[in-house]
Amino acid sequence: MTKSNSTGHGVYNPLDSMMSRFNEAARILGLDEQIANVLKSPDKCVIVTMPITMDDGSIRVFEGYRVVHSDHLGPGKGGIRYSMDVNLDEVKALAAWMTWKCAVVNIPFGGAKGGVKCDPRTMSKGELERLTRGYTRAMVDVFGPDKDIPAPDMGTGQQEMAWIVDEYSKVKGQNSLAVVTGKPLVLGGSLGRVEATGRGVMITARSAMAKLGMKPTQVTCVVQGFGNVGSISAKLLAQLGVKVVGISDISGGLYNPNGIDVLKAIEHVQNHASHTLEGFAGGERIVNGAILELPCDILVPAAKEDQITPENADKIKAKLIVEGANGPTTAEADPILRKKGILVVPDILANAGGVTVSYFEWVQNRLGYYWTEERVHRRSDRVLKQAFDNVYAASEKYGVDMRIAAYIVAMDKVATTLKLRGLF
Ligand code: GLU
242 MTKSNSTGHG
252 VYNPLDSMMS
262 RFNEAARILG
272 LDEQIANVLK
282 SPDKCVIVTM
292 PITMDDGSIR
302 VFEGYRVVHS
312 DHLGPGKGGI
322 RYSMDVNLDE
332 VKALAAWMTW
342 KCAVVNIPFG
352 GAKGGVKCDP
362 RTMSKGELER
372 LTRGYTRAMV
382 DVFGPDKDIP
392 APDMGTGQQE
402 MAWIVDEYSK
412 VKGQNSLAVV
422 TGKPLVLGGS
432 LGRVEATGRG
442 VMITARSAMA
452 KLGMKPTQVT
462 CVVQGFGNVG
472 SISAKLLAQL
482 GVKVVGISDI
492 SGGLYNPNGI
502 DVLKAIEHVQ
512 NHASHTLEGF
522 AGGERIVNGA
532 ILELPCDILV
542 PAAKEDQITP
552 ENADKIKAKL
562 IVEGANGPTT
572 AEADPILRKK
582 GILVVPDILA
592 NAGGVTVSYF
602 EWVQNRLGYY
612 WTEERVHRRS
622 DRVLKQAFDN
632 VYAASEKYGV
642 DMRIAAYIVA
652 MDKVATTLKL
662 RGLF
């Protein structure tokens with residue numbers, strides 16, 4: 242069942258969407274039922290309540306989560322999300338997607354995810370710092386460079402990662418840079434990490450264009466979401482020569498068939514008080530729901546889960562979808578896109594550039610030796626190109642779409658490791 246109100250946060254439940262693809266891939270792979278049962282359930286779910294002193298002196302209680310889905314391939318890895326929509330089912334789905342994502346790109350990590358139910362846009366810097374330090378203290382026995390390594394996700398960034406490294410190091414009594422990735426450069430961050438997810442979207446989109454015989458200079462693209470992933474994907478696709486005709490964020494959407502100046506849009510977001518596209522005059526204003534249905538060749542959903550659904554999938558005009566967000570397509574929309582002949586580069590492949598460079602950051606922290614940006618790009622591009630080719634080959638071998646192929650590649654790898662490590 243994909244439609245669910247169990248979370249109380251909208252009609253679709255990302256955990257149902259993840260499970261539906263998992264079951265299909267398990268069936269095609271002929272996965273042993275007992276192994277499947279292990280891989281279905283997260284290894285660990287931690288829920289904490291954190292009383293935080295707000296700037297006005299009042300005390301508010303926040304709820305935080307961390308789910309480690311699997312540590313069979315290596316320590317748990319995955320971001321921390323600050324959003325009012327955070328709930329346990331969402332974090333469980335996002336943690337499982339991290340397991341499959343790390344396996345698809347062949348990096349030695351398991352999957353995890355964290356979240357705090359809060360609205361960071363309405364909180365002061367001091368409140369966010371106390372919340373982040375409180376969350377880190379509550380999770381100090383969950384996190385660890387060889388146990389579970391957080392990173393940024395929606396609503397968090399370099400500053401939160403800096404507080405996590407500081408709080409964790411203080412509690413442990415020693416500097417522990419490798420406990421978290423996505424840190425500021427001066428604090429053990431990696432060159433290229435900020436751009437990494439968007440760069441991966443561009444690299445996988447380029448591979449997909451080559452398969453479809455599309456020339457970057459002759460195609461148009463629409464990007465939903467203009468945060469870290471959406472804006473950098475748009476910028477790098479434009480650099481390839483792709484014409485970006487639509488962009489959107491929480492303030493609404495913009496359409497310009499002659500092409501939007503992406504660099505100007507990024508500059509606007511950086512300088513505008515709201516840090517959104519509000520007031521940007523680069524095209525015709527459209528309502529948010531219309532962005533996915535605009536005429537274009539490539540669609541990059543880079544906002545959040547459950548955007549492409551059975552309600553709008555049929556209206557999509559793109560020939561290629563490259564999923565910058567996690568879970569932007571519900572499981573029920575998959576067969577509709579397949580029937581329309583749209584090639585979908587799934588989230589666990591298309592947005593894996595972020596965690597790939599997170600891995601490089603962790604390696605550099607442990608070596609104490611830092612790479613040039615050129616080396617980071619070269620190595621992450623190679624990882625993503627290889628992962629794309631592996632998934633494409635699996636989709637041909639099993640006669641399935643790229644999403645199910647990506648699950649097959651990932652689940653096969655984790656299942657093999659699980660069997661070798663042993664179950665009791
Ligand atoms: N939050 C990002 C993702 O969903 C990055 C995770 C990481 O680097 O660990 O892939």
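Per our numbering, the sequence shown runs over residues 242 to 665. All C-beta atoms in this analysis are idealised placements derived from N, C-alpha and C, irrespective of residue type, glycine included. Since the model is a prediction, treat every value here as computed from it, not as a measurement.
Output the distance between the C-alpha atoms of W603 and A437, rounded to the nearest integer angstrom.
14 Å
Return the first residue and the last residue of the beta strand (DSSP E) that A353 is part of.
G352 to K358
Alpha-carbon spacing of I562 relative to N606, whole angstroms
35 Å
When you compare only the Cα positions, how much space is there between L335 and N567?
7 Å
C-alpha gap between V460 and N499, whole angstroms
12 Å
If we ignore side chains and look at the alpha-carbon of each, how far apart do A514 and E370 end up?
21 Å
Are the beta-carbon atoms belonging to G494 and A392 less than 9 Å from one another?
no
Pull up the CB-CB distance for G523 and A543, whole angstroms please, since I reckon it's below 8 Å.
Contact doesn't hold; Cβ gap of about 18 Å is too wide.
Do the CB positions of V486 and I501 come within less than 9 Å of each other?
yes
If G423 and I473 are in contact, beta carbons under 8 Å, what's the gap, nearest whole angstrom?
The pair is not a contact, with the Cβ atoms about 14 Å apart (cut-off 8 Å).
So for P316, helix, strand or coil by DSSP?
coil
Would you identify the three-state DSSP class for M260, choosing helix, strand or coil?
helix
Burial state of R447 (16 or more Cβ within 10 Å)
buried
According to DSSP, is G385 part of a helix, a strand, or is it coil?
strand
Could you compute how far the alpha carbon of D394 sits from the alpha carbon of K638?
34 Å
Every unbroken alpha helix (DSSP H) inside the segment 388-413 [4 residues or more]:
399-413
Using only the alpha-carbon positions, how far apart do H228 and G385 sit?
For residue 228 there is no data in the structure shown, the boundaries of the chain being 242 and 665.
Using a 10 Å radius around the Cβ and a threshold of 16 neighbouring Cβ atoms, would you call M259 buried or exposed?
buried
To the nearest angstrom, how far is the alpha carbon of D257 from that of P569?
13 Å
Okay, do the segment 286-293 and the segment 605-623 touch, 3+ Cβ pairs below 8 Å being the bar?
no
Distance, Cα to Cα, T248 vs W612?
Low local confidence applies: a pLDDT of 37 at T248 is under 50, so the model's placement there is unreliable, with the coordinate-based value given in what follows. Approximately 43 Å between the Cα atoms of the pair.
Excluding the five sequence neighbours on either side, which residues of its own chain have a C-beta within less than 8 Å of the C-beta of T243, listed in chain order?
Its pLDDT being 40, under 50, T243 is placed unreliably in this model, and the value from its coordinates should be taken loosely. Y253, N254, D257, S258, S261, T571, A572 and E573.
Decide yes or no for the touch test of the segment 622-629 against the segment 347-367: beta carbon pairs closer than 8 Å, at least 3 of them.
yes
Stretch pair the segment 590-598 + the segment 405-419: three plus CB contacts closer than 8 Å
no
On the CB-based measure, 16 or more other CB atoms within 10 Å of its CB, does D389 come out buried or exposed?
buried
Per DSSP, cross-strand counterpart(s) of F303:
M291
Using C-beta distances below 6 Å, list every residue in its chain close to N246, excluding the 5 sequence neighbours before and after it, in chain order.
Note on N246: pLDDT 39, under 50, position unreliable in the model; the coordinate value appears next. So no residue of the chain qualifies.
Around the Cβ of I645, are there at least 16 other Cβ atoms within 10 angstroms (buried) or fewer (exposed)?
buried
How would you write the range of the beta strand (DSSP E) that G462 sits in, first residue to last?
Residue identity check: residue 462 is Cys in the sequence provided, not Gly. Per DSSP, C462 belongs to the beta strand (DSSP E) from T461 to Q465.
Quick check: does the Cβ of A651 come within less than 8 Å of any heavy atom belonging to the ligand GLU?
no
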